[in-house]
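Engineer: Residue numbering for the sequence shown follows the UniProt record's numbering, starting at 1 and increasing by one per position.
Note that the Cβ used here is the ideal one computed from N, Cα and C, for glycine as well.
Small disclaimer: the values here were computed from a predicted structure and weren't measured.
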Amino acid sequence: MNDLRTALADLLDGLPPREVAAAVDRLIANYRGDTPTHAPILRDRADVAAYAAYRMPATFEAVRSALAALADVLPGWTPAGHTDVGGGTGAATWAVQTTWPGERAVTVLDWAEPALAVGRRLAAAHPALKDARWQRARIGADLTLDDTDLVTVSYVLNELAEPDRAALVDAAARAARTVVIVEAGTPAGYARVIEARDRLIRAGFRIAAPCPHSAACPIAPGTDWCHFSARVGRSSLHRQVKGGSLAYEDEKFSYVAATRLPAEPAPARVVRRPQIRKGQVLLDLCEADERLSRGTVTKRHGDLYKAARDADWGDAWPPYDSAS
Ligand SMILES: C[S@@+](CC[C@H](N)C(=O)[O-])C[C@H]1O[C@@H](n2cnc3c(N)ncnc32)[C@H](O)[C@@H]1O
């Protein structure tokens, strides 16, 4: 992440702060729309620099968090190839590198040339990303992807109409053995993740994370939404572009990681921030038997109680390294 921050600082160096701030305002207005667009939103270098400074640290952390959950379920696995569709400035390529450092074949596809150009420039600073291929591609019915180990689709479904979302998930399912989809942690983002999850299961995938099973999601539609939170440290650069003085912010995201590889998902997952009370921890769990439950772990549970005090929203439960 520090490498990414340094690369972002270099990128903004020399751009007038007022121009970047104006581009951030335009982006916020565009993304608030939550509707598919017919032409790229990221039109020029100021737009893209603003996107990179304003959103990339957060999308990076969300993807990194989803990939960490996937890596826990597939210990020993390292993707030999990665394609990031709608990859923009390449946040997911940095997240894949952080999760599984090393050389691999990396392709980033997007229809916005200015985003690809900035992504390429940022990646030049990373030894394992500098040879990535940055290619123009439009997501639609005729999208075909080369075979690869891992396809990521991060904060993209939101910008697509339903037929294009379906075409993208189908293309990813044909090309990759493992697919990770990340969306904003809103009810609409969750609904798009569930739509993609169902499609991947129909294509023969099993869910690796966050769900402990590949059956239907136990959340009754419209009553709640499954989402998680990733802490994003704000650099002075980030504060300058976004305003405010907080040292961090929490990025809410929904995701699904699905695979054709043999994977044993977590027995349960913590789906809300654990509540710590005197001598006990309340855990809201999504369980392998396809239901949501609230468990209470008390001091009497010994080591498990210690683990519960350390448990975080989004963690597997019980933790992978717990003895019990
Ligand atoms: C919100 S950005 C996310 C970028 C990156 N994946 C990330 O997580 O930071 C959405 C990206 O999807 C791309 N995109 C949207 N619709 C597209 C389409 N029909 N074909 C190709 N790319 C598209 C945009 O150009 C943009 O780079």
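1. How about Ala-266 and Leu-74: are their beta carbons less than 8 Å apart?
2. What separation, rounded to the nearest whole angstrom, lies between the Cα atoms of Ala-311 and Glu-290?
3. Cα-Cα, which of Arg-260, Leu-67 and Glu-113 is closest to Ser-214?
4. For Arg-272, which residues of its own chain have a beta-carbon under 7 Å away from its beta-carbon, when the five flanking residues on both sides are left out?
5. Taking just the CA atoms, how far does Leu-109 sit from Val-156?
6. If Ser-235 and Arg-64 are in contact, beta carbons under 8 Å, what's the gap, nearest whole angstrom?
7. Is it buried or exposed, Arg-197, if we count other Cβ atoms within 10 angstroms and call 16 or more buried?
8. If I measure Cβ to Cβ from Ala-58 and keep anything under 6 Å in the same chain, skipping five residues before and after, which residues do I get?
9. With a 10 Å radius around its C-beta and 16 neighbouring C-beta atoms as the bar for buried, classify Leu-8 as buried or exposed.
10. Give me the Cβ distance between Ala-172 and Val-106, rounded to the nearest whole Å; I'm assuming they're in contact under 8 Å.
11. Under a three-way DSSP split, which group does Arg-199 fall into?
12. Using a Cβ-Cβ cut-off of 8 Å (strictly less than) and excluding sequence neighbours within five positions of His-227, which residues of its own chain qualify?
13. Looking at C-alpha atoms only, which residue of Gln-97, Trp-100 and Ala-137 is the closest neighbour of Glu-113?
14. Pick from Pro-127, Thr-223, Ala-166 and Val-281: whose alpha carbon is nearest that of Ala-307?
15. So does the segment 121-129 actually touch the segment 93-102, counting three or more Cβ pairs closer than 8 Å?
16. Is Arg-138 a contact residue of ligand 1, with contact defined as CB to any heavy atom under 7 Å?
Structural biologist: In brief:
1. As a position in the sequence shown, residue 266 is number 266, starting the count at 1. As a position in the sequence shown, residue 74 is number 74, starting the count at 1. It is not a contact, given that the beta carbons lie outside the stated cut-off.
2. One-based indexing of the sequence shown puts residue 311 at position 311. One-based indexing of the sequence shown puts residue 290 at position 290. When rounded, the distance between both Cα atoms is 21 Å.
3. Taking the sequence shown and counting its residues from 1, the one referred to as residue 214 is at position 214. Relative to the Cα of Ser-214, the nearest Cα in the group Arg-260, Leu-67 and Glu-113 belongs to Arg-260.
4. Position 272 of the sequence shown, counted from the first residue, corresponds to residue 272. The answer, listed in chain order, is Asp-284 and Trp-313.
5. As a position in the sequence shown, residue 156 is number 156, starting the count at 1. As a position in the sequence shown, residue 109 is number 109, starting the count at 1. The alpha-carbon separation between Val-156 and Leu-109 amounts to approximately 11 Å.
6. What you label residue 235 is simply residue 235 of the sequence shown in a count that begins at 1. What you label residue 64 is simply residue 64 of the sequence shown in a count that begins at 1. Contact flag wrong, Cβ pair sits at about 16 Å.
7. Counted from its first residue, the sequence shown places residue 197 at position 197. With 16 or more neighbouring CB atoms inside 10 Å of its own CB, Arg-197 falls in the buried class.
8. Counting from 1 along the sequence shown, the entry for residue 58 is found at position 58. If we look at Ala-58 and ignore the five residues flanking it on each side, its Cβ neighbours are Val-232 and Glu-251.
9. Your numbering for residue 8 matches position 8 in the sequence shown. That one is buried.
10. If you number the sequence shown from 1, residue 172 lands on position 172. If you number the sequence shown from 1, residue 106 lands on position 106. Distance from Ala-172 to Val-106 at the Cβ level is roughly 16 Å; contact not present, criterion being Cβ atoms closer than 8 Å.
11. Here residue 199 refers to the residue found at position 199 when the sequence shown is read from its first residue. Looking at Arg-199 - three-state DSSP - the assignment turns out to be helix.
12. The count along the sequence shown starts at 1 and reaches residue 227 at position 227. Take His-227, set aside five residues on each side of it, and the residues of its chain with a beta-carbon closer than 8 Å to its own are Gly-185, Thr-186, Gly-189, Tyr-190, Lys-252, Phe-253 and Ser-254, in chain order.
13. Translated into the one-based positions of the sequence shown, residue 113 becomes position 113. Closest by alpha carbon: Ala-137.
14. For the purposes of this step, residue 307 is taken as residue 307 along the sequence shown, with counting starting at 1. The shortest Cα separation from Ala-307 among Pro-127, Thr-223, Ala-166 and Val-281 belongs to Val-281.
15. With the rule of 3 Cβ pairs closer than 8 Å, the segment 121-129 counts as touching the segment 93-102.
16. Stepping through the sequence shown from its first residue, residue 138 is reached at position 138. Indeed, a heavy atom of ligand 1 lies less than 7 Å from the Cβ.
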